[in-house]
Each structure stands twice: as structure tokens, then as C-alpha cells.
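Note that the sequence shown ends on residue 277 in UniProt numbering; no numbers are left out.
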Amino acid sequence: MEIRQATSPQEARHLTTEELRERFLIENLFQAGQVTMVYSHYDRMVIGGAFPTSEPLEIADPDTLKTDYFLERREIGFIHVGGGAAVIEADGVRYELTKLDALYVGKGTESVRVSSADSANPAKLYFCSTLAHAVYPTVKIALENATPNHLGTMQACNERTLYQYIHAGAVQSCQLMLGVTILKEGSIWNTMPAHLHDRRMEAYLYFDLHQDARVFHLMGQPSETRHLVVANEQAVISPNWSIHSGAGTSNYAFVWSMAGENYTFKDMDIVAMSDLK
1 MEIRQATSPQ EARHLTTEEL RERFLIENLF QAGQVTMVYS HYDRMVIGGA FPTSEPLEIA
61 DPDTLKTDYF LERREIGFIH VGGGAAVIEA DGVRYELTKL DALYVGKGTE SVRVSSADSA
121 NPAKLYFCST LAHAVYPTVK IALENATPNH LGTMQACNER TLYQYIHAGA VQSCQLMLGV
181 TILKEGSIWN TMPAHLHDRR MEAYLYFDLH QDARVFHLMG QPSETRHLVV ANEQAVISPN
241 WSIHSGAGTS NYAFVWSMAG ENYTFKDMDI VAMSDLK
């Protein structure tokens, strides 16, 4: 597991493009036959990708976490982002996921294994794991059972639907919140006007982008914005002090996940357009 240290906003002002990418962009999450994980010191979120091919893969890293099993003190949310059907076994209970299905697995689950139902059409599973102090049951969430929020306008090029999977109003967790935003064809902007939430960090996984398409992800303090050029199936770590917005060369989708002190989804501080620089 790769470990990413926290970076202060004062330090971030002076980073080169390459340094900014090294600290905040995760480029190769989905590697055939592997589980890839990044441990962020922002709220100690683990961001990962599993790409099982011929053999099942265990979600585990005792050397990094120093625990007997991965979810000894954690919870985890999976979402299927591509390929054929996936199978997740949580303490021997089997769950099958297809595109945009999600699975929440609670603290105390000792074994989590992922596999592809068809090795000729392997599944891609994105996941985020956060610290947990309470136990909640494992739940599968299909897209049609997520809470939809229709946002934006055609005129502003930001028509999109935000689907909430893991949150207080649906599938309860300890602190993890997770959902998917899907932009309509012809729309390119997400989360603009931008906002901050000092009480939570966030991670984005951009997906369903064409090979030659890119998202220009905006980050940084409102008065010191920077950008990352993001390709398909790449993730961004967004600190609590940073805006998180973006515009694509075409429409796209992204998984958002949050962790931190406050479990209220609407706890955010809107940034006026006049304050962005």
C-alpha cells in the first residue's frame, strides 16, 4: 500500500505540476490481477481499486495497518465501475455486483474477497475505507435504490444526477459517505460554484471517460487554485482545505467519497465565484 502524507495549503502553493500530481492524483488504480491501495493521511482514508482476473483477491494489508484483518477497525464501500459482474464475499456471504452497484461492508468483517464472475470479462471495483468505531450491517445498494438528486441546467453545461448510496438517509455507516455523479451528454462541469467542507476530506474517481478525453480537476484554496489533468479511472485526493470541481472535454461520471468529523451531507461552505482566483 502506498502512503500519502498530508500537505498543508501553504506548502501546496509552491508545488510544481509533477509534485502536485504525486501528492493528490492516483493514476494506476486498476492493474490486472491485483488490488491497488493508497493510504491517505487526510482522515486516514484508504482509496483502492481491485481488478480480479482469474483468481479471487483478498482485501488485506496487515503490514501497513498493523491489525489482524483489514476491517478490524475500519468500514469499506465498494462500487462497480466497469467490466463484467463482480463477486464480493464478506465472511463467506456472497454478493454479486454489476455496473454501478455498490456494497457497504461494516467493521468487524474478518474476510473480504473479490473476484470476477467471468475471467474473460473481468470486473473493476473501486473502494474507499475509513476508520470506524461502530458496527453497521453489510448492505448491497443497486443504482435504483440510491437517492437521486437532479442538479444543474443545460444552459450552464452542468446537468447531472447525484446518486447517494452510503449516507445517513439511506445505508448507514460510521463515517464513510459515498455516491456517484453522472453528467448528461453535453454537460461538462461538476460542483461549480465550488465549495469547501473543513470537517471532511473527499476523494473523486473519474470514470466513463473516452480514452482521449480528460477532466481538468480544480483544487486548492479559493484564492490559490490549481488544476490536475485527469484521465479515465484516475482518482484525486481532495483535502479539507481544497475546493473540488472540474470540467471535462466530454461528459463523464465520478465516484465521490467523504470521511471526517461531520456526517451531514449538506455541511458545506459555498465559495462565491467572485472569490475564485
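Cβ atoms here follow ideal geometry from the backbone N, Cα and C, with glycine treated the same way.
Residue pairing by DSSP puts Ile-270 in a beta bridge opposite His-195. DSSP assignment within the region 121-151 yields the following whole beta strand (DSSP E) runs of 3 residues or more, N-terminal first: 124-131, 139-141 and 147-151. When the alpha-carbon of Met-1 is set against those of Ala-32, Phe-24 and Met-37, the nearest one is in Met-37.
A distance below 7 Å between beta-carbons, with the five flanking residues on each side excluded, links Asn-262 to the following residues of its chain, in chain order: Arg-199 and Arg-200. Using a Cβ distance threshold of 7 Å, Ala-102 and Ile-141 count as a contacting pair.
Taken in chain order, the complete beta strand (DSSP E) segments of 3 residues or longer contained in the region 43-115 are 46-51, 74-82, 86-90, 93-97 and 102-105. For Phe-207, the secondary structure class from DSSP, reduced to helix, strand or coil, is strand.
Residue state for Arg-23 is assigned as helix, using DSSP reduced to three classes. The C-beta separation of Ser-187 from Gly-220 comes to about 23 Å, leaving the pair out of contact by the 8 Å criterion. Between the alpha carbons of Thr-53 and Ser-129 lies a gap of roughly 22 Å. DSSP places Glu-233 outside both helix and strand once states are collapsed to three, so it counts as coil. In the three-state reduction of the DSSP assignment, Thr-161 falls in the strand class, which pools E and B. Remark: C-beta atoms of Gly-152 and Gln-164 do not approach each other more closely than 7 Å. Going by beta carbons, Val-271 and Pro-222 fall inside the 7 Å limit. Gly-179 is bridged by DSSP to Gln-164 and Trp-256. A residue is called buried once 16 or more other Cβ atoms fall within 10 Å of its Cβ, and Asp-208 is buried on that count.
Annotation for Ala-12: no beta strand (DSSP E) segment contains it, though the alpha helix (DSSP H) segment containing it runs 9-12. The criterion of a C-beta distance shorter than 7 Å is satisfied by Val-114 and Ile-88. With fewer than 16 neighbouring CB atoms inside 10 Å of its own CB, Lys-66 falls in the exposed class.
Distances from the CA of Gly-33 to each of Ser-116, Ala-6 and Asp-91 were compared; the closest alpha carbon is that of Ser-116. Boundaries of the beta strand (DSSP E) harbouring Ile-3: 2-4, taken from the DSSP string.
For Phe-30, the closest C-alpha among the options Gly-49, Tyr-104 and Arg-13 is that of Gly-49.
When DSSP states are grouped into helix, strand and coil, Thr-36 belongs to the strand group.
In its chain, beyond the 5 residues on either side, Phe-30 and Phe-207 have a beta carbon closer than 6 Å to the beta carbon of Glu-233.
Straight-line spacing of the CA atoms in Met-273 and Ala-203 works out to 23 Å. Taking a contact as a CB-CB distance under 8 Å, the pair Arg-226 and Gly-248 does not count as one, their CB atoms being some 17 Å apart. The beta carbon of His-133 is closer than 7 Å to those of Cys-174 in its chain, skipping five residues each way along the sequence.
According to DSSP, Ser-245 shares a beta bridge with Leu-218.
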